[in-house]
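Peer 1: I'd like to ask you about the structure that follows.
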Amino acid sequence: MKKQFLLMGLLASSFAMAQKSAPVEKFASVISPKELKAKLSVLAAADMEGRETAMPGQKKAASYIEAFFKKIGLQPGAGEGKYQMPYPVFQDSLSKSEVSLDNRALTFGTDYALNISSLANGNWTVDNIVYAGYGWQDSTHNSYDNLDVKGKWIVVLEGLPKDIKAHPYEIYKSTFNKINIAKKLGVAGIIVVMNHLQNHSAKGLKGNMYIKENKGVATPLLQISDALANKILQTSGKSIEELSVVKTGDYATNLHVELEKITNHLESSNVIGVLPGTDKKGEYVFVTGHYDHLGKRDSVIYFGADDDGSGTTSVMQLAQAFVNAKKKGFGPRRSMIFMTVSGEEKGLFGSEYYSEHPTINLDSASVDLNIDMDGRIDTERKTPDSTNYIYVIGHDKLSSDLQKINEAENNKYTHLVLDYKFDDPKDPNRIYYRSDHYNFAKKGIPILFFYDGMLKADYHQPSDTVDKIDFELMSKRAQMVFYTAWDIANRDAMLVRDIPLN
Ligand SMILES: [Zn+2]
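In mature numbering (1 follows the signal peptide of the UniProt record, and there is no 0), the protein residues as written are -18 to -1, 1 to 484.
Take a look at the structure:
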């Protein structure tokens, strides 16, 4: 026994020696502006059609990434010898909508519209409706004071009470919030009075995609014009603001709503390539990015060059760097899992699916390094001396090793300013919860998330294109992720998990 221990000890230290003398900078150099640009130009080209989840463009992008993983010699990581891990996606579409008031048929798009986030199925005759003003509840307001809405249909106004000073985004969000408030109160149906009805045609109306079949009954949700609201509330010609002072409570009505939807079964995938480790191959390092984007609307393509073509390209190039190192005899001690996921823009689908159907024991994952946008400069940085940066999110969560390692590698090689702004608990953007790493963090895996901060400018616009990418800066950032991954893959111990996620 002893001898074997001694032998193993010798082996381990010779690995450590080998890693110390590895020409890491040479391996990192393949993460070059030229290589990144070549790949991103394919991923964010027009024929990828914006890579929308479950659509042909996403499938084309998946094939491209798969072919690359195969070509450089990564092993298939999705199980059963496959690189792609398929997962089901559902999407409802409207097949029938008939709404009438006082036996007069209402017109879709003029009188009413449907909120695509929640298509319900059913047939309702409503003879009593509760008007609840703005339908708002917080520490200062309660529109539901003295109202009994359980099991009833309600009418609420779009927007917020005048004395709540809110950013337009907050007002937009408030519709979602008030729907949730109403659902919690147990209403049977929700009608929101809109300033402008957004849907102009019922034909082909599709709901948001989802991956878990909703066993519960969806609450029907209609949007109506202010003219129709006046009819229901027995007023005339009042604007939304004027309606806000109309008495709340029960109103007799004669409303009939009939909705029918069909559920379409679609499919998307994560693309996974593995580079087996050497003496610690039962432990893992994840490098992730999402390859899906928003697709096209009418004929306008949302190219998603930065979001997240840049992260996807970076993951591919990190894989190339690790493969090259292994060919020279410097394979990583831990196994590397390079995974590009889809469904991120729809609600972190791919990473959620993976975290619930993992290909490895997640307790043996040391870290997930996630890149979602690393090719641009955020709009607030105007002087050249301020642009040598990357936002690092998660540095103070789950593991006290994360910051130490990431900073040490960056100080040694890449000298970027690591900006922890988004880790401030007071930051309203809640970035930590908004990309795929969160599904790893939920399972206890320490994560670092690298991000360029592009929330304004061309974020989620058709103008997020390749020509706006700063490839020099992107390569420096991706190299920084590489050095960090290299360290974590080759150090003696896995990262400690010593900080609870809150
Ligand atoms: Zn993204």
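Every residue, glycine too, gets a C-beta built ideally from N, C-alpha and C.
#1: Rounded to whole angstroms, what is the Cα-Cα separation between L(-13) and S317?
#2: For F50, which residues in the same chain have their Cβ closer than 6 Å to its Cβ, ignoring the five residues on either side in sequence?
#3: Indicate whether E242 and S82 have their beta-carbon atoms separated by less than 9 Å.
#4: Within the present structure, is the beta-carbon of H272 separated from the nearest heavy atom of ligand 1 by less than 8 Å?
#5: Assuming S14 and S457 form a contact by the criterion Cβ under 8 Å, report the distance between their Cβ atoms to the nearest whole angstrom.
#6: Starting from H238, trace the alpha helix (DSSP H) both ways and give me its first and last residue.
#7: Mind the definition here: the stretch 331 to 343 touches the stretch 276 to 292 only if three or more C-beta pairs lie below 8 Å; say whether that holds.
#8: Return the chain-ordered list of same chain residues with a C-beta closer than 6 Å to the C-beta of Y441, the five sequence neighbours on each side being excluded.
#9: I want to check one thing, is the minimum distance from the CB of M37 to the heavy atoms of ligand 1 below 8 Å?
#10: When the Cα atoms are used, what is the spatial distance from V256 to L187?
#11: Could I get the ranges of all uninterrupted beta strand (DSSP E) runs contained in the stretch 357 to 445, with 3 residues as the minimum, in chain order?
#12: Helix or strand or just coil, what does DSSP make of A74?
#13: Which two residues bound the contiguous beta strand (DSSP E) that contains D109?
#14: Under 7 Å Cβ to Cβ from A467, same chain only, skipping five residues before and after it: list those, please.
#15: Can you look up S156 in the DSSP assignment and give me helix, strand or coil?
#16: Based on DSSP bridge pairs, tell me the residues matched to S317.
#17: Could you tell me the alpha carbon to alpha carbon distance between P58 and V253, rounded to whole angstroms?
#18: Touch check for the stretch 368 to 378 and the stretch 442 to 462: three-plus C-beta pairs under 8 Å?
#19: For G117 and Y273, what's the separation of their Cα atoms in angstroms?
#20: Rounding to the nearest angstrom, what Cα-Cα distance links V137 and D145 in this structure?
#21: Compute the Euclidean distance between the alpha carbons of I206 and L101, then round it to the nearest angstrom.
#22: Here's the rule: buried if 16 or more other CB atoms are within 10 angstroms of the residue's CB, otherwise exposed. What is R358?
#23: Comparing the C-beta of Y402 with each C-beta of chain B, is any distance below 9 Å?
#24: Is S333 closer than 9 Å to Y433 when the C-beta atoms are compared?
#25: Helix, strand or coil, according to DSSP, for A28 in the structure here?
#26: Bridge partners of E224, per DSSP?
#27: DSSP beta-bridge partners for H272?
#28: State the start and end residues of the unbroken alpha helix (DSSP H) segment that holds W468.
#29: So if I measure from each beta-carbon to every heavy atom of ligand 1 and keep distances below 5 Å, which residues remain?
#30: Does the distance from the CB of D74 to the CB of G168 come in under 9 Å?
#31: Among residues of its own chain, excluding the 5 on either side of D93, which ones have a beta-carbon nearer than 7 Å to its beta-carbon?
#32: Kindly list the residues whose CB is nearer than 8 Å to the CB of T447, restricted to its own chain and excluding five residues on each side of it in sequence; keep chain order.
#33: When the Cα atoms are used, what is the spatial distance from G426 to W135?
#34: Could you spell out where the beta strand (DSSP E) holding N352 opens and where it closes?
#35: Assuming residue 485 and E249 form a contact by the criterion Cβ under 8 Å, report the distance between their Cβ atoms to the nearest whole angstrom.
Peer 2: In this structure, then:
#1: Caution applies to L(-13), whose pLDDT of 44 falls short of 50 and renders its modelled position unreliable; the model cannot decide the point.
#2: M298
#3: No. Outside cutoff.
#4: yes
#5: 6 Å
#6: Segment 231 to 257 is the beta strand (DSSP E) holding H238; no alpha helix (DSSP H) there.
#7: no
#8: Cβ neighbours of Y441 beyond the five flanking positions: none.
#9: no
#10: 40 Å
#11: Annotation note: the stretch 357 to 445 contains the following uninterrupted beta strand (DSSP E) runs of length 3 or greater, listed N- to C-terminal: 371 to 375, 399 to 401, 429 to 433.
#12: A small correction: the amino acid at residue 74 is Asp; Ala does not occupy that position in the sequence shown. Note: D74 maps to strand in three-state DSSP.
#13: According to the DSSP assignment, D109 belongs to the beta strand (DSSP E) that extends over 104 to 113.
#14: V267, V269, L300, L351
#15: helix
#16: Y266
#17: 9 Å
#18: With a cut-off of 8 Å on Cβ pairs, the stretch 368 to 378 is in contact with the stretch 442 to 462, counting three or more such pairs.
#19: Roughly 38 Å separates the two Cα atoms.
#20: 21 Å
#21: The straight-line gap from Cα to Cα measures roughly 15 Å.
#22: buried
#23: The chain inventory of the structure shown lacks chain B, comprising one protein chain alone.
#24: no
#25: helix
#26: Answer by DSSP bridge pairing: none, since E224 is not bridged.
#27: V323
#28: 453 to 472
#29: D289, D290, D354
#30: no
#31: I206, S207, L210
#32: A26, F285, A287, D440
#33: Answer to the nearest angstrom: the Cα atoms are 42 Å apart.
#34: Under the DSSP assignment, N352 falls in the beta strand (DSSP E) whose first and last residues are 347 to 353.
#35: Given a span of -18 to 484 for the chain in the structure shown, any question on residue 485 remains unanswerable.
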